[in-house]
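Residue numbering for the sequence shown follows the working numbering, starting at 1 and increasing by one per position.
Read the structure below first, then the notes.
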Amino acid sequence: MKRDKRTRVLIGATALAMVAVAGCGARGGGTASGASGGTFEIKLAHVVTPNTPKGQAAAKFKELVEQSSEGRIKVTIYPNSELYGDKDELQALQSGAVQMLAPASAKFTTIAPQLQVLDLPFLFDSVQDIPKIVAPDTTVGKSIFENPQLAQKNTKVLALWDNGLKQLSSNKKMTEPTDLKGLSFRIQPSDVLRSQFEAWGAAATPLAFAEVYNALQQGVVDGQENPYSNIESQKMQTVQKHITESNQGYIGYVLVINDQFFKGLPADLQQDVTDAAKASADFNRQVAADLNTKAKQTIEEGGTTTITTLTDAQRQTFKDAVVPKVWQQYADVIGQPIIDDLLKQQGVS
Ligand code: LMR
Numbered sequence: 001m002k003r004d005k006r007t008r009v010l011i012g013a014t015a016l017a018m019v020a021v022a023g024c025g026a027r028g029g030g031t032a033s034g035a036s037g038g039t040f041e042i043k044l045a046h047v048v049t050p051n052t053p054k055g056q057a058a059a060k061f062k063e064l065v066e067q068s069s070e071g072r073i074k075v076t077i078y079p080n081s082e083l084y085g086d087k088d089e090l091q092a093l094q095s096g097a098v099q100m101l102a103p104a105s106a107k108f109t110t111i112a113p114q115l116q117v118l119d120l121p122f123l124f125d126s127v128q129d130i131p132k133i134v135a136p137d138t139t140v141g142k143s144i145f146e147n148p149q150l151a152q153k154n155t156k157v158l159a160l161w162d163n164g165l166k167q168l169s170s171n172k173k174m175t176e177p178t179d180l181k182g183l184s185f186r187i188q189p190s191d192v193l194r195s196q197f198e199a200w201g202a203a204a205t206p207l208a209f210a211e212v213y214n215a216l217q218q219g220v221v222d223g224q225e226n227p228y229s230n231i232e233s234q235k236m237q238t239v240q241k242h243i244t245e246s247n248q249g250y251i252g253y254v255l256v257i258n259d260q261f262f263k264g265l266p267a268d269l270q271q272d273v274t275d276a277a278k279a280s281a282d283f284n285r286q287v288a289a290d291l292n293t294k295a296k297q298t299i300e301e302g303g304t305t306t307i308t309t310l311t312d313a314q315r316q317t318f319k320d321a322v323v324p325k326v327w328q329q330y331a332d333v334i335g336q337p338i339i340d341d342l343l344k345q346q347g348v349s
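Pasting the structure below:
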């Protein structure tokens, strides 16, 4: 499943050539053809495999919007960082080389640092808590759906997908923060995540998702954090002897579209895109838990990795080291009222 570097470069170059030809179309880069601006192509790039919660939500979006638009919108999905990866996808969106992306919130840190709210450790105790905290009309939801920094960057938020909660992996059994001391963990490029690992005594190294497997295999880093579906679909368990089921953080995907491209669509097609995005988010929630459960089973059956579930007391020890300390550390970036509101919901003042 892993591609060697040369194959990836060739795929990337071919895809870029296609974009260059296609890019002469409508505003925001999507191709338009036909008598009255008839058909539009949306290129949707992402970094995971098609059988993950994000991959499945992307396929659902494509199915729904192609159906409701009666073929006037065609969606082409580029998974696995094949077209663009973590380092260049946001630039590609803003320039119109692709029209849609669904990066994890952490990937927006440089252009919209407030989105790190979703990286706050232990924001959720279980997946059941997710919908009520991130709904568009909550303080957290507004900071994402109405984010002014994204709006300034030609980036419109359509929906929030997710992949549930993250688990820790390394070659060492980890049941308390001191077990992480001296280890280095790959993180997504988020300052909040860096502070989380540092509070546990570990070092943090930001790396693109496509580089994680090799970095673990070659010992560039000792561990990482991700939901089971990302661990299993990247075969990380074959190079990590231990997983700690800690549910310590959330992976939320911000489904975004190039705003110029969106505004260039006829009103009925804008509605089709908005509706399909909403419906794909509902679908994503339904499949995420199931896909993560199945991925966990596959890892267990593979026999390469021991999964240790933290007791409530052990999880609380990890939590006490970062809440409220790390949350307060980022109050300026995320917004003190949001932090206060979230701490209140946790019963911490
Ligand atoms: C990661 O980089 O670990 C994840 O954000 C990948 C993803 O998109 O699920």
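Think of the CB as a built atom: it goes at the ideal place given N, C-alpha and C, for glycine as much as any other residue.
Here the structure is a predicted model, which means the values were calculated and not measured.
Original post:
Could you check where the beta strand (DSSP E) with V75 kicks off and where it finishes?
Top reply: Against the sequence shown, residue 75 aligns to sequence position 75. Here the beta strand (DSSP E) through V75 covers 73-78.
Subject >> Euclidean distance between Cα positions of L115 and Q329 >> reply: As a working note, residue 115 is residue 115 in the sequence shown. As a working note, residue 329 is residue 329 in the sequence shown. Distance between the alpha carbons of L115 and Q329: 15 Å.
Original post:
Hey, would you say V140 sits closer than 7 Å to I133, going by beta carbons?
Top reply: Start at 1 with the first residue of the sequence shown, and residue 140 comes out as number 140. Start at 1 with the first residue of the sequence shown, and residue 133 comes out as number 133. A contact, by the Cβ cut-off of 7 Å.
**OP:** Under 7 Å Cβ to Cβ from L216, same chain only, skipping five residues before and after it: list those, please.
**Re:** Locating residue 216 in the sequence shown gives position 216, where the first residue counts as 1. Cβ within range, chain order: Q224, M236, V239, Q240.
Original post:
Could you give the uninterrupted runs of the beta strand (DSSP E) lying entirely in the region 197-256, keeping only those of 3 residues or more?
Top reply: 203-206, 223-226
Original post:
Looking at C-alpha atoms only, which residue of A289, V273, H242 is the closest neighbour of E70?
Top reply: Sequence index remark: in the sequence shown, residue 70 carries index 70 (1-based). Here the closest residue by C-alpha is V273.
Original post:
Do you know offhand how far F122's Cα is from L343's?
Top reply: For the purposes of this step, residue 122 is identified with residue 122 of the sequence shown, where counting begins at 1. For the purposes of this step, residue 343 is identified with residue 343 of the sequence shown, where counting begins at 1. Going by the C-alpha atoms only, they are around 11 Å apart.
Original post:
Of all the alpha helix (DSSP H) runs that stay within the bounds of the region 71-121, which reach a length of 4 or more residues?
Top reply: 89-95
Original post:
Skipping 5 residues on each side, what residues in its chain have a beta carbon closer than 7 Å to that of V333?
Top reply: One-based indexing of the sequence shown puts residue 333 at position 333. P113, Q114, Q116, listed in sequence order.
Original post:
Is there contact here, the region 38-47 with the region 64-84, by at least three beta-carbon pairs under 8 Å?
Top reply: yes
Subject >> Cutoff 8 Å; reference Q128; Cβ partners in own chain excluding five residues on either side >> reply: Taking the first residue of the sequence shown as position 1, residue 128 is located at position 128. Here the set comprises nothing.
Subject >> C-beta contact flag for V98 and K43 at 7 Å >> reply: What you label residue 98 is simply residue 98 of the sequence shown in a count that begins at 1. What you label residue 43 is simply residue 43 of the sequence shown in a count that begins at 1. Yes. Within cutoff.
**OP:** Run the CB neighbour count on D275, radius 10 Å, all protein chains shown included, and call it buried at 16 or more, exposed below.
**Re:** Position 275 of the sequence shown, counted from the first residue, corresponds to residue 275. Label assigned to D275: exposed.
Original post:
Using CA coordinates, which residue listed in A210, G28, Q297 is at the minimum distance from L83?
Top reply: Position 83 of the sequence shown, counting from 1, holds the residue named residue 83. It is A210 whose Cα lies nearest to the Cα of L83.
**OP:** State yes or no: is the C-beta of V348 nearer than 6 Å to some heavy atom of the ligand LMR?
**Re:** Mapped onto the sequence shown, residue 348 falls at position 348. Outside the cutoff, so no.
Original post:
Which residues in the same chain have their Cβ closer than 8 Å to the Cβ of G201, if we skip the five residues on either side of it in sequence?
Top reply: To locate residue 201, count along the sequence shown from 1; it is residue 201. Around G201: P177, T178, L180, K181, G182.
Original post:
Would the beta-carbon of V256 be found less than 6 Å away from any heavy atom of the ligand LMR?
Top reply: As a first step, residue 256 is located in the sequence shown; it is residue number 256 there, counting from the start. Incorrect: V256 has no Cβ contact closer than 6 Å to the ligand LMR.
**OP:** For V287, collect the residues of the same chain with a Cβ closer than 7 Å to its Cβ; drop the 5 residues on either side in sequence, then sort them by chain order.
**Re:** Here residue 287 is taken as the residue at index 287 of the sequence shown, counted from 1. Within the same chain, V287 has close Cβ partners P53, Q56.
Original post:
In chain order, what are the residues with a CB under 6 Å from some non-hydrogen atom of the ligand LMR?
Top reply: V47, V48, K54, A104, N163, Q188, F209, N226, N230, I251
**OP:** Sort out for me which residues DSSP pairs W161 with in a bridge.
**Re:** Numbered from 1 along the sequence shown, position 161 holds the residue referred to as residue 161. DSSP output for W161 lists Y253 as bridge partner(s).
Original post:
Exposed or buried, which one is A35 when buried takes at least 16 other CB atoms within 10 Å?
Top reply: In the sequence shown, residue 35 corresponds to position 35, counting from 1. Any answer about A35 is weak, because its pLDDT of 37 lies below 50 and its placement is not dependable; what the coordinates show is given next. Under this definition A35 is an exposed residue.
**OP:** Go ahead and pull the three-state DSSP assignment for L168.
**Re:** Your numbering for residue 168 matches position 168 in the sequence shown. L168 falls in the strand class under three-state DSSP.
Subject >> Unbroken alpha helix (DSSP H) run spanning S68, endpoints >> reply: One-based indexing of the sequence shown puts residue 68 at position 68. Here the alpha helix (DSSP H) through S68 covers 53-68.
**OP:** Consult DSSP for A35 and reduce its assignment to one of helix, strand or coil.
**Re:** Indexing the sequence shown from 1 puts residue 35 at position 35. Here A35 scores only 37 on pLDDT, less than 50, and its place in the model is too uncertain to base an answer on.
Original post:
F185 lies in the beta strand (DSSP E); which residues open and close that run?
Top reply: One-based indexing of the sequence shown puts residue 185 at position 185. Its beta strand (DSSP E) spans residues 184-187.
Original post:
Under the rule that 16 or more other beta-carbon atoms within 10 Å means buried, what is T110, buried or exposed?
Top reply: Indexing the sequence shown from 1 puts residue 110 at position 110. Looking at its Cβ environment, which holds fewer than 16 other Cβ atoms inside 10 Å, T110 is exposed.
Original post:
Three-state secondary structure (DSSP) at A45?
Top reply: Within the sequence shown, residue 45 is the residue found at index 45, counting from 1. Residue state, collapsed to three classes: strand.
Subject >> Beta-carbon spacing of A45, L90 below 7 Å >> reply: On the sequence shown, position 45 is the one that residue 45 refers to. On the sequence shown, position 90 is the one that residue 90 refers to. The answer is no: Cβ separation not under 7 Å.
Original post:
Among residues of its own chain, excluding the 5 on either side of N147, which ones have a beta-carbon nearer than 8 Å to its beta-carbon?
Top reply: Position 147 of the sequence shown, counted from the start, is the residue given in the question as residue 147. The answer, listed in chain order, is A112, Q114, L115, V157.
Original post:
For I299, which residues of its own chain have a beta-carbon under 6 Å away from its beta-carbon, when the five flanking residues on both sides are left out?
Top reply: On the sequence shown, residue 299 is found 299 positions in, with the first residue counted as 1. Excluding residues within five positions, the ones whose Cβ falls inside 6 Å are E232, Q237, T305.
Subject >> N284 classed as buried or exposed, judged by whether at least 16 other C-beta atoms fall within 10 angstroms >> reply: Taking the sequence shown and counting its residues from 1, one reaches residue 284 at position 284. So N284 ends up on the buried side.
Original post:
Would the region 310-325 and the region 243-252 be scored as touching if the rule is three or more Cβ pairs under 8 Å?
Top reply: yes
Original post:
So S229 packs on D119, CB below 8 Å; how close in whole Å?
Top reply: For the purposes of this step, residue 229 is taken as the residue at position 229 of the sequence shown. For the purposes of this step, residue 119 is taken as the residue at position 119 of the sequence shown. The pair is not a contact, with the Cβ atoms about 18 Å apart (cut-off 8 Å).
Original post:
If you compare alpha carbons, which of A204, R315, N154, L160 is closest to A279?
Top reply: Stepping through the sequence shown from its first residue, residue 279 is reached at position 279. The shortest Cα separation from A279 among A204, R315, N154, L160 belongs to L160.
Subject >> 6 Å CB neighbourhood of N226 in its chain, flanking five on each side removed >> reply: Here residue 226 refers to the residue found at position 226 of the sequence shown. Answer for N226: K166, listed in chain order.
Subject >> Buried or exposed (CB count within 10 angstroms, at least 16 for buried), A295 >> reply: Working through the sequence shown from its first residue, we reach residue 295 at position 295. With 16 or more other Cβ atoms within 10 Å, it is buried.
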